[in-house]
Structures are given as C-alpha cells and as structure tokens.
Amino acid sequence: MSLPSSTELSTQTLEALAGIVGPQWLRTGEEAWKRGTSTTSMSRRVPAVVFPASTRELVALVELANARGLALYPVSTGRNWGYGCGAPVRDDCVVVDLSRMDRIVSLDAELGLVTVQPGVTQGMLSQYLRERQLPFLVPVTGAGPDCSLLGNALERGYGITPHADHFGAITRLEAVLPDGSLYRSAHGDLGGQRVDQAFKWGVGPYLDGLFSQSNLGIVTELTFVLARRPEHLEAFFFWVPEDAGLEDAVGAIRETLRELGGVVGAINLLNPQRVLSMVAPYPRNRVPRGEALSAELLAELTSQHGVGAWTGTGGLYGTREVVRAARSTIRRRLGRVSRRLVFMGAERARMLGQWLPRLPLGLGAKLSPQARVLSNVLSVLEGVPTQMALPLAYWKSGRRPPEGAPLNPHADGCGLLWTSPLVPMVPELVRIYVRTVREVTARHRMEPLITLTSLSDRCFDSSIPLLFDREDPDEAARALACQQALLDTCRREGFLPYRVGTHTMRWLAEQAPQAWRLTEHLKRALDPRQVLAPERYSGL
873 MSLPSSTELS
883 TQTLEALAGI
893 VGPQWLRTGE
903 EAWKRGTSTT
913 SMSRRVPAVV
923 FPASTRELVA
933 LVELANARGL
943 ALYPVSTGRN
953 WGYGCGAPVR
963 DDCVVVDLSR
973 MDRIVSLDAE
983 LGLVTVQPGV
993 TQGMLSQYLR
1003 ERQLPFLVPV
1013 TGAGPDCSLL
1023 GNALERGYGI
1033 TPHADHFGAI
1043 TRLEAVLPDG
1053 SLYRSAHGDL
1063 GGQRVDQAFK
1073 WGVGPYLDGL
1083 FSQSNLGIVT
1093 ELTFVLARRP
1103 EHLEAFFFWV
1113 PEDAGLEDAV
1123 GAIRETLREL
1133 GGVVGAINLL
1143 NPQRVLSMVA
1153 PYPRNRVPRG
1163 EALSAELLAE
1173 LTSQHGVGAW
1183 TGTGGLYGTR
1193 EVVRAARSTI
1203 RRRLGRVSRR
1213 LVFMGAERAR
1223 MLGQWLPRLP
1233 LGLGAKLSPQ
1243 ARVLSNVLSV
1253 LEGVPTQMAL
1263 PLAYWKSGRR
1273 PPEGAPLNPH
1283 ADGCGLLWTS
1293 PLVPMVPELV
1303 RIYVRTVREV
1313 TARHRMEPLI
1323 TLTSLSDRCF
1333 DSSIPLLFDR
1343 EDPDEAARAL
1353 ACQQALLDTC
1363 RREGFLPYRV
1373 GTHTMRWLAE
1383 QAPQAWRLTE
1393 HLKRALDPRQ
1403 VLAPERYSGL
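The working numbering puts the first residue of the sequence shown at 873, with every later residue one more than the last.
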C-alpha cells in the first residue's frame, strides 16, 4: 500500500523532535501514516508521531511547535474508536501520543480521590486498586481496559457505575497551554492541594471546563472522585415483549430513576439488533451483500435467542436493606411493562455459570451466550474493566482475533462509526427518535443498533454504532452517508450529539457558527499560531 503524499518535515525539525523525546520515541513514514487512519475509514496525513514522557518534554514540544510553525494533535492513548481513533481533524499535524505519561500520581483513600496522567487506563487503575485492596470502583466504559481514563472524561464520556458522568467526577486538572505555560486552578496556585482536589469549582471563573471537548490546552493530569464499593450490588434485567411497549417502558424508567436516585446507576435500553450483536454471530451467509437483516430473519433470530423487543439493564448499589427495598420499587415500576424481570448478584451469576453445562438437550450451549452477557454486565456494574462491548465492532466483519486475545478494532481492520444523539426522556419523543433511526438506516441498508442510556431522569444518550467492512469502499461510503443523514435528520428533529468524531467536526461548526464565536475568540487569544489541534471543537 502506497503512502499518501505528505507535508515533509525538515531534517532539522525531525532532529529537534527526536532531541526532545529521544530518537526511539519518534515515528515517521508508514508508522506515522497508520496513525492517520481510523475505524471510520477516513484518513489524515500525519508526518510524525512523538511520545513524550513528562510535562517538561511536552512543554518543549509546544515551544518547538510555536517556533517552527508546527501543528500538534495530542491524544491520550489514541483509542477513541468510532470517533476517529487517534487521527487528527485535519492533515499534517504531528500526533503527540501521551501514553507514556502513565503515572497514577496519588490516591487519597480517605476522600476517594485519584489523580492520573493521560496514559493511565481503566485496566491500570483496576490493578492498582486490586493490589492495594482499596474499596473503590473503576469508572469503566465499553471501550475496554486499555483505554485512557483521562481521555474519556475530557470527551465527557459516561458509564453505568454510580459516577456515570465522568467529566462531572473531575475535581481539578492541570494543562499545558498553547504558548507552553502551565495552567492550574486558583486554589492550586494558593497552595491548597487537598482543597483543590476535594472541591470541583475552585474560586472565580470555572476554567477547567475550557479543556473539555476543546483545543485550548493539553491536560497533563486530573483528579476525579471514585465511587466506593457498596456493601451490596445487584444487576437487574427486564424484557419488554412488544415494540408498542416502548413508551410505557420509557415512562417507567423515568419514574424509577426519580424514586431511586443514588441507588440505581444508569439504565440501558437496547433494541433487538443491539442485543443480537452481543449473543449471536452475524448471519452473513443469509444476508445478501450490501443489505441489512430482513424483518423475517430478525424475527427468527430474536425468537431463537429469546430476545425481546427491548431489553433493559441497570444496577442497584447500597446496603442489603437499601437494595432489598429498591427491588420492590423496580418490581412495581418496571415489572408492569416487562415480560420478565430478573435480579442477579455475584453469587447467583456464579451458580448460573456452574449449572449451565449440566443442562440436557444442548440447553446449556444455547443459553451460554446470554449467561455470559449477564455475567459481563455484572462485572461492568462492579467497576471491573472488560472487553464486553468490543466484540460489537467485529460483528459484521467476522475477523475477530482468537478467544482471549486483546481486541483493538482499529488495528484489526473493523469499520465502526459512532453517532451519539441526546434524547429527552419523553416517551413520545423517544418514539419519534427510534422511528427516525430506523428509517434512515433502512434507506442506507445499515443495521439499526440502538442503545438508550439514561444520563439522568430527564435525558438519554443514544449510541448508534454503524458497522461496515472497511476494505469495501462502497460499504464504507454508505456508512459515512448514513451517519451524515443521521446527524442531519436527528438535528431537524431536535436530537443533537453530545460528542462528535474528528471527521464530523466541520459539520458541527457549520451547523452552529454563532455558537462557536466565543470559542474562536478564546482560540485566537490563547493560540494565535493554531499550534494545538486546529479545527477540533472550534469554529471554521
């Protein structure tokens, strides 16, 4: 495969970069080119990648960029799968990979506060807590154990453990500004380290938020609140038998969250295609090339695997008495809209795993995928990083690595585009949204895999993964066209994204030019040379 034409960096510039990070931590040529590719099928020209190991090296890189007119694109680990991975928004940026900055700087076990650098992953924090037997939950996401905690929080990602809003859990951060100077809060400057870590808002204008979904600085460390491991945790699952029950289910979820705030984590609601992607292989030999599952085949598969029209899941956290009381509320609210309602703790999940192989007539083999999903959901609710959600990216490609191998959708050639609209928790609006997604994906012959995740008792985030064969140009083009149609149609209906991928930053700027005016003024003042991540979450 030939490399795309690129703006060549001068020998002097490459030597200067190597002088800062060390020759072994500078990548050019094909290795740099690969950093410009992603699961979205879009690519950018990347002349070089550097791997700084400290804030000092990072400051030197920013100063060099100002002196030589370079554009830098910082990434925590580059695993922003479905949103552009580690590829820049525009061509010819030097990618700054912060994965070597991987220290857990401190952990205040008394207050439940942890301070991490960009390269610290979910898996690293999990191991750190386990080795020290500390009673905290990792704020896990579906991205898996090898993804950055800091990167997800700054993109305002979320999970389904008690502190579901990961940016909301941040109490302080430090950053390198575009001129190479350092930012920290007023409380930090005043020397109140423990107060700075314990109190999110500081004093004076709240400036930490300027570094979330932005290009105004490179965050080098942040502190966030960890949820304590409760005395008791249970997952609950419910199955809505008919699609016509969606509105009632949404109303019941809303009332459940209102009554059990602080006891229930986020609640997920998944449509049949999304559940099938977790429990059954894609029937590619029965689906014509370039088509989606037919209604008849979908009905057959859902019947075969016992999948309802909508499947819901959530977690209960608290003392045994609190969880027992919450169960009664769940039964009262969700039981009336469900065909079946199941509560499962760790002990019950373990027993299920022991008994399934003993069932006769192949029932164990048939039920094992569902049982595995239930067990994995419980692990996520317990704050244990898993690869549970990653096989989704391989569902249509069929090129999944061997069982137990680390999954990397980008490196493994998966085609994946995420679209993430926000949907008010109003039953009639949720119905309009679901109808919109179904119609748009049907026009583009894509599978409508829908998840609705409660961000509060007022709003869902809906994640729509578009899966395609990255090696098929026609299919990749169809997926990109489908995503564009989803963005445009959902915008007209009032369902707007909470985050976007690097390839859709321009669309975002074009749709709301007035909204970006202040951001543009800040960018010009702080970064007149456009050194940091040009065009990322900013105006045109």
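Beta carbons are placed, not taken as given, at the ideal position from N, Cα and C, and that holds for glycine.
C-beta contact flag for residue i and residue j at 9 Å
i	j	result
alanine 937	valine 921	no
valine 1312	alanine 1265	no
valine 992	aspartate 974	yes
leucine 1009	asparagine 1140	no
threonine 1013	histidine 1038	yes
leucine 1352	threonine 1291	no
proline 924	tyrosine 945	no
valine 986	threonine 1128	no
leucine 1288	phenylalanine 1340	yes
arginine 962	proline 1406	yes
glutamine 1402	alanine 943	yes
valine 1195	alanine 1121	no
proline 998	proline 1257	This sequence places serine at residue 998; proline is not what is there. Yes; because the gap between Cβ atoms is below 9 Å, this pair is in contact.
glutamine 989	glutamate 1093	yes
histidine 1316	serine 910	no
isoleucine 1322	isoleucine 1304	no
glycine 1031	proline 1011	yes
Residue i in three-state terms, based on DSSP
i	result
histidine 1282	coil
tryptophan 1388	helix
asparagine 1248	helix
tryptophan 1267	coil
isoleucine 892	helix
proline 1296	strand
arginine 1401	coil
isoleucine 1090	strand
valine 986	strand
proline 1144	helix
leucine 933	helix
cysteine 957	coil
leucine 1129	helix
tryptophan 897	helix
Selected residue, minimal CA-CA separation from residue i, among the options
i	options	result
glutamate 1392	Glu1343, Ala939, Gly1411 and Arg907	Gly1411
arginine 1204	Arg1364, Arg1371, Glu1131 and Val1249	Glu1131
glycine 1190	Gly1134, Val1112 and Ile1139	Gly1134
aspartate 1329	Gly1123, Tyr1078 and Glu1119	Gly1123
valine 977	Gly958, Met1297, Glu1382 and Leu1022	Leu1022
glutamate 1365	Pro1263, Gly984, Ser913 and Leu1294	Leu1294
Cβ separation of residue i and residue j, assumed to be a contact under 8 Å, to the nearest whole Å
i	j	result
alanine 1047	isoleucine 1090	6 Å
cysteine 1019	arginine 951	5 Å
glycine 1255	threonine 1033	5 Å
tyrosine 955	glycine 1373	4 Å
alanine 1181	leucine 1188	No, alanine 1181 and leucine 1188 are not in contact; Cβ-Cβ is about 24 Å, not under 8 Å.
proline 1050	leucine 1279	Actually they do not touch by this definition, with Cβ atoms about 35 Å apart.
Inter-residue Cα distance where the pair is residue i and residue j
i	j	result
leucine 1246	valine 1214	10 Å
valine 1309	tyrosine 1000	41 Å
cysteine 1362	glutamate 1300	15 Å
alanine 890	valine 934	14 Å
glutamine 1176	leucine 1169	10 Å
leucine 1415	leucine 1088	Because the chain in this structure spans residues 873 to 1412, residue 1415 falls outside the shown range and cannot be described.
glutamate 1275	glycine 1074	47 Å
arginine 1408	lysine 1268	30 Å
arginine 1244	glutamate 982	35 Å
arginine 907	valine 966	10 Å
leucine 1327	tryptophan 1379	25 Å
methionine 1377	leucine 1105	40 Å
lysine 1072	aspartate 1080	9 Å
serine 1053	valine 1147	48 Å
proline 1385	serine 1086	16 Å
tryptophan 1388	phenylalanine 1110	42 Å
methionine 1318	serine 1251	30 Å
aspartate 1346	cysteine 957	21 Å
leucine 1173	methionine 1297	29 Å
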